[in-house]
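S.K.:
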Amino acid sequence: ETGVTQTPRHLVMGMTNKKSLKCEQHLGHNAMYWYKQSAKKPLELMFVYNFKEQTENNSVPSRFSPECPNSSHLFLHLHTLQPEDSALYLCASSQGSGGDTQYFGPGTRLTVL
Amino acid sequence: GQNIDQPTEMTATEGAIVQINCTYQTSGFNGLFWYQQHAGEAPTFLSYNVLDGLEEKGRFSSFLSRSKGYSYLLLKELQMKDSASYLCAVRNTGGFKTIFGAGTRLFVKA
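Residue numbers (my numbering), protein chains in the order written: chain A, 5 to 117; chain B, 181 to 290.
1) Please tell me whether Phe209/B has its Cβ less than 8 Å away from any Cβ of chain A.
2) Between Asn61/A, Ser76/A, Leu82/A, which lies nearest to Val16/A when the distance is taken from Cα to Cα?
3) Could you check where the beta strand (DSSP E) with Ser265/B kicks off and where it finishes?
4) Of all the CB atoms in chain A, is at least one closer than 8 Å to the CB of Lys248/B?
5) From which residue to which residue does the beta strand (DSSP E) around His14/A run?
6) Go ahead and pull the three-state DSSP assignment for Asp232/B.
7) Could you confirm whether any beta carbon from chain B is found closer than 8 Å to the beta carbon of Leu108/A?
8) Within 8 Å, do at least three Cβ pairs link the stretch 183–202 of chain B to the stretch 222–232 of chain B?
9) Does at least one heavy atom of the ligand NAD sit under 7 Å from the Cβ of Leu244/B?
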């Protein structure tokens, strides 16, 4: 299944580094999402974009900065992260508004040293 | 507040039937999803219920009772490949927010 792709799949970074996660969806969807998944914790919604406009920021620290240049691409820019930010970051997309079925990418496993 | 509860882990035998329960309290309700997630992989959509009752899809069935804030996922004729985490998620009314439970890790043994 290559409907939603994410790069890189694994990332190790220091607390002073700047890196970006990339997500691309090939499903013709209009809404895209970033989630954080930590061990034994629920998926945490971070950001939602609909038609390139941010519609949800779930009280995410400013060290995470999303960017959505078009409906097919979504980025998450990372800077001065903390070790507790280590997690699996999942991107998802859905057809439209109202929380249609979401299709997930494989995720980026992030480790902050 | 909003809360979704499901058991942390379950173990079942190959060929058997297992039921994974989910209870929820959310501000508004506009549907419940079940996703399957194998270790190290993306969650994949299994089922969606918005009306009360049972939805059957092959070996998997999902049940919803809105008045009780309760759902279950029923897996029949278990196979080893069914070993995975099963995530219950509730969609709120208005907006894009879908709230996920922590997931139930299912171990299928021979």
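Beta carbons are placed, not taken as given, at the ideal position from N, Cα and C, and that holds for glycine.
Note that the coordinates shown come from a computational prediction; the quantities given were computed from them, not determined experimentally.
M.R.: Looking at the coordinates:
1) Counting from one through the second sequence, the residue named residue 209/B turns up at place 29. It does not; no Cβ of chain A falls within 8 Å.
2) Here residue 16/A is taken as the residue at index 12 of the first sequence, counted from 1. Nearest option by C-alpha distance: Leu82/A.
3) Locating residue 265/B in the second sequence gives position 85, counting from the first residue. In this chain, the beta strand (DSSP E) harbouring Ser265/B covers 264–271.
4) By one-based count along the second sequence, residue 248/B stands at place 68. Output row for Lys248/B: interface = no.
5) In the first sequence, the residue the question calls residue 14/A occupies position 10. That run of the beta strand (DSSP E) goes 14–17.
6) For the purposes of this step, residue 232/B is identified with residue 52 of the second sequence, where counting begins at 1. Asp232/B: coil per DSSP, three-state reduction.
7) Against the first sequence, residue 108/A aligns to sequence position 104. The residue asked about is misnamed: residue 108/A is Phe in this sequence, not Leu. So yes, Phe108/A belongs to the interface.
8) The stretch 222–232 of chain B vs the stretch 183–202 of chain B: no contact.
9) Among the components of this structure there are no ligands whatsoever, and the ligand NAD is therefore not found.
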